[in-house]
Every structure is written in C-alpha cells, then in structure tokens.
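K.L.:
The sequence shown lines up with residues 50 to 425 when you count with our numbering. All C-beta atoms, glycine included, are put in the ideal place defined by N, C-alpha and C. From a predicted model like this one, the values you see are computed outputs, not experimental measurements.
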Amino acid sequence: MDFKLFLSTFLLFSGVAWAACPGDLPNGTLVPLYFGFMTAVDPHSDYVLAGIIPAVDLALELINNNTSILSGYELSYNDTIYDAQVSYSSAAPMLSDVSLYPSFFRTYPSDGNFVPAFVGLVRGLGWKRVFILTEESPLFVQNERPLVEALSEAGIYGKSHSFLSGPDVDVAEVVRDVIYKNEHNNTHIFFLNMYSGKARAAFCAFYRLNMFYPNYAFIIPGWYQTGWWNNDAVNVSCSTRDLQTQLDRVLILQQLPVALNRSAPTISGLTADEFDTRYRSRLNDREYINRLPGPPSVYYPIPDALTAFDALWSLALGLDRVQRAVCANETLGCNGGPLTELEDFMYYNDQVECMVNKSLSMTGFEGVSNTRVHYQ
Numbered sequence: 050m051d052f053k054l055f056l057s058t059f060l061l062f063s064g065v066a067w068a069a070c071p072g073d074l075p076n077g078t079l080v081p082l083y084f085g086f087m088t089a090v091d092p093h094s095d096y097v098l099a100g101i102i103p104a105v106d107l108a109l110e111l112i113n114n115n116t117s118i119l120s121g122y123e124l125s126y127n128d129t130i131y132d133a134q135v136s137y138s139s140a141a142p143m144l145s146d147v148s149l150y151p152s153f154f155r156t157y158p159s160d161g162n163f164v165p166a167f168v169g170l171v172r173g174l175g176w177k178r179v180f181i182l183t184e185e186s187p188l189f190v191q192n193e194r195p196l197v198e199a200l201s202e203a204g205i206y207g208k209s210h211s212f213l214s215g216p217d218v219d220v221a222e223v224v225r226d227v228i229y230k231n232e233h234n235n236t237h238i239f240f241l242n243m244y245s246g247k248a249r250a251a252f253c254a255f256y257r258l259n260m261f262y263p264n265y266a267f268i269i270p271g272w273y274q275t276g277w278w279n280n281d282a283v284n285v286s287c288s289t290r291d292l293q294t295q296l297d298r299v300l301i302l303q304q305l306p307v308a309l310n311r312s313a314p315t316i317s318g319l320t321a322d323e324f325d326t327r328y329r330s331r332l333n334d335r336e337y338i339n340r341l342p343g344p345p346s347v348y349y350p351i352p353d354a355l356t357a358f359d360a361l362w363s364l365a366l367g368l369d370r371v372q373r374a375v376c377a378n379e380t381l382g383c384n385g386g387p388l389t390e391l392e393d394f395m396y397y398n399d400q401v402e403c404m405v406n407k408s409l410s411m412t413g414f415e416g417v418s419n420t421r422v423h424y425q
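1) Am I right that residue 167 and residue 185 are in contact with their C-beta atoms under 8 Å? What's the rounded C-beta distance?
2) Starting from residue 266, trace the alpha helix (DSSP H) both ways and give me its first and last residue.
3) Suppose the cutoff is 6 Å on Cβ atoms and the five residues either side in sequence are ignored; what does the same chain contact list for residue 227 look like?
4) Have a look at 351, 297, 298 and 162 and flag the residue whose alpha-carbon is nearest the alpha-carbon of residue 196.
5) Quick check on residue 412: buried or exposed, where buried means 16 or more other Cβ atoms within 10 Å of its Cβ?
6) Should residue 419 go down as buried or exposed, given a rule of 16 or more other Cβ atoms within 10 Å for buried?
7) In terms of residues, what are the limits of the beta strand (DSSP E) holding residue 20?
8) Determine the DSSP secondary structure at residue 81, reduced to helix, strand or coil.
9) My parser needs the alpha helix (DSSP H) runs of 4 or more residues fully inside the stretch 295 to 376; what are they?
10) Less than 7 Å between C-beta atoms, sequence neighbours within five positions excluded: which residues of the same chain meet that for residue 381?
11) My output table needs one value for residue 136: the three-state DSSP class, helix, strand or coil.
12) What is the rounded straight-line gap between the Cα of residue 127 and the Cα of residue 401?
13) Please report the distance separating the alpha-carbon of residue 320 from that of residue 277.
14) What residue from 410, 391, 414 and 356 has the CA that sits closest to residue 136's CA?
15) Identify whether residue 125 lies in helix, strand or coil by the three-state DSSP scheme.
16) Answer with buried or exposed for residue 174, where buried requires no fewer than 16 other C-beta atoms within 10 angstroms of its C-beta.
17) Flag this pair as yes or no: are the beta carbons of residue 347 and residue 105 separated by less than 8 Å?
18) Are there 16 or more other CB atoms within 10 angstroms of the CB of residue 390, so buried, or fewer, so exposed?
19) By Cβ distance below 8 Å, which residues in the same chain neighbour residue 170 in space, the five residues on each side in sequence not counted?
20) Are the Cβ atoms of residue 361 and residue 112 separated by less than 8 Å?
21) Can you tell me the Cα-Cα spacing of residue 180 and residue 323, whole angstroms?
22) May I ask which residues mark the beginning and end of the alpha helix (DSSP H) holding residue 247?
23) Curious, which full-length beta strand (DSSP E) runs of at least 3 residues does the stretch 165 to 228 contain?
Here it is, written out as structure tokens:
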C-alpha cells in the first residue's frame, strides 16, 4: 500500500460477499467493505500527515465494534480511488463549490475562513500595511484577492505578488526583484502565502537582505511540518542557524479544530480528552508505529488527526444510512437506477452514487474536532 501521496480523501470502494440486510447473513459473518485512503508520509514533503493514521485506525476499531453502525460489515481501507470523497485536510476554497464538486465533502474548514482572522490579527497589532507573497498553487491563489480586499475594507494597505510554483522557480530571485524594484512599497510586514519549501528559500533571501525582526515581521501558514526549515529538499545558501535567526518572532496562522467542551461525549462514545489520550497512546506504541508505512519519525501528534477521525465517522454514518435505505427499498429521493447493496455497488450505478452523496450531505453529529460536524 503506497501512502506517499498528497490527496487526502476517504473514498468508497466495496468488496463482494454476502448481502448485509438483516436476516440475509449467516451467524457471525461480516461483509468486508473497503474505502480508499491516502495520506503523505514522506518526510521530505511539504505537508506530512502520517500522524492521522493512528486516528483512522482508532476510528475503525470503534466503528467495527459498534453493532448499531454498518451492522454486518467490517470497514477497512485500501489505496483504491473512487467517487465519493470525505477529506480531513483539503482546505482549498474552490472545493466548497457544490456545483463543481458534488461528491466532495470535508471535515476540515476552507482556508477562506482564515481571511477574517488574518485581518483581525493585523488590525489588532496596529499594522497598517501588509505585503503578500503568493505561490501560484490553488491552495494559495484563491485566498490572495479576498485577503487584499478584506484588508482594504479594514483600512489596511494590502498588496500582493505571485510567482510560479514548481521546482525550477528561483524564489530568492523573486524576493530580490520584489525588494529591489520596491514592489512592496517599503512595507515591513510580509505574509508568505506558500508551501514550506518555497518559504525556506524566501526566508533565506530575506536573511541575505538583512530583513528580519525587529525591523520586519513575517506571517506564515501554521501547518508546516515540524522542523520544516531543516528540510533540504530545497537547497538554500543559509545555514540552519541563519534560518533560525530569520524565523525569530515569526507569526503562524492556522485553523485548528477545537472542541469547546472536551468532556462531552461525541458520536464515537469518546470525549475529546479521551480521544486525545487514546490517540497519543497509539503514537507512543513503538511496535504499532513500526508496522506503519514510512519512517517512525513522521508519526507525531497533529491537529488533522481530529478531522480525520471525524471524517471516518462521517463516512461510516453516511454508508450506514444508504444501506438501511436499500434494505427498506427506499431511495433517499434518488431516481437513477436499480437499488443495490453496498457490497455489490459498482460505480456506473447512478442510483447508489446519488444515494451516497445525499446521505453524506445529510450527515451531522457531535465530533471530536468541533462541537458539531455537518455538511449542510
């Protein structure tokens, strides 16, 4: 199973076995039901998400031991890609467009939500000017204009400059051009709206230009991997010590899933505190970690574990609703073809595909990542 991928999705894929409607299964028989699962475990990637695997495995353990959800099935993952997707870390604002992505759902908030927080931070610190340096990737480009507009509406000068993404781009040259041509209009506050590899190169360039605290301030995304400035995937002329000097007092901005009541039970039966305890227990289990793909060093606690855990519960609850409807000969308002049970579902069956999408859009529950998980 190859986990060295960057698409973070839960995708429906069914095995074949007995029918799983009440009365159809021999005693003790469980129908295998698979979903595709991919995450990033390469320590050199921009966004390492290996820490969510123990959360997914914990969710599977609880779901498969819960006889009231997907009764008669055993849920498990493989690396097969299919239609309905529930993401635990995709933040691009464009994915919120249901007309373009009717089969996409996520428990992670859109990055468009961070714009008011960014403006509030800048205004709260009394800053009047901000320059945004953006890598031309969908994750970053879609926030650039809304951010500049929101800053302007708040009476804050905001200007941006974007550069091409890709391994051949000389970010140091981009930074030098911006400064030497005064595109930043003598602004001393910079938001580096880019992946960590490009940020590493940009910070080195700023260091070479003697642009660091206290005369300059920098803001970066908060989801970069631990020790990202030491990642030598992008060669720079600065030492680790140089970069650490440049990074002094850098501000990070990240959306974090926070349960307001950490002692309240969730759909899983665990409180947020209990989830955290069991999650960290798995991360500290060396025997378990050594069986997982990738080096043990990439398995550390990350906030995305909360949204991954809730994403799997979303998938299980959504599939459970579909199977209950099929067994009751109900269609959930879909009229695209014959009904079939989950284990017999093929992806040219528009009826069940519609039902899966409808069911996921109806899903709502108390999760560990938030006070309420819903897709309405």
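P.N.:
So, from the data block:
1) With 8 Å as the limit, residue 167 and residue 185 do not qualify as a contact, their Cβ atoms being about 19 Å apart.
2) In the DSSP annotation of this structure, residue 266 is not part of any alpha helix (DSSP H); the continuous beta strand (DSSP E) holding it starts and ends at 266 to 270.
3) Within the same chain, residue 227 has close Cβ partners 210 and 233.
4) Looking only at 351, 297, 298 and 162, the smallest Cα-Cα distance to residue 196 is reached by 162.
5) Per the 10 Å Cβ criterion, buried.
6) It counts as buried.
7) Beyond the ends of the chain as shown, which are 50 and 425, falls residue 20; an answer cannot be given.
8) Three-state result, residue 81: strand.
9) Restricted to the stretch 295 to 376, the alpha helix (DSSP H) segments that are unbroken, complete and at least 4 residues in length are 321 to 332, 335 to 339 and 353 to 376, listed in chain order.
10) Hits under 7 Å: 374, 404, 407 and 408.
11) It is a strand residue.
12) One C-alpha to the other measures close to 21 Å.
13) Spanning the two alpha carbons is a distance of roughly 32 Å.
14) Residue 356 is the option with its Cα nearest to residue 136.
15) Reduced to three states, the DSSP call for residue 125 is strand.
16) So residue 174 counts as exposed.
17) Taking 8 Å as the Cβ cut-off, residue 347 and residue 105 do not qualify as a contacting pair.
18) Classification for residue 390: buried.
19) Sequence-distant partners of residue 170 (beyond 5 residues in either direction) whose C-beta falls short of 8 Å from its own C-beta, in its chain, are 268, 300 and 302.
20) Going by C-beta atoms, residue 361 is nearer than 8 Å to residue 112.
21) In a straight line, the C-alpha of residue 180 is about 42 Å away from that of residue 323.
22) Per DSSP, residue 247 is one residue of the alpha helix (DSSP H) stretching across 245 to 257.
23) The stretch 165 to 228 contains, as complete beta strand (DSSP E) runs of 3+ residues, the segments 178 to 185 and 206 to 213 (chain order).
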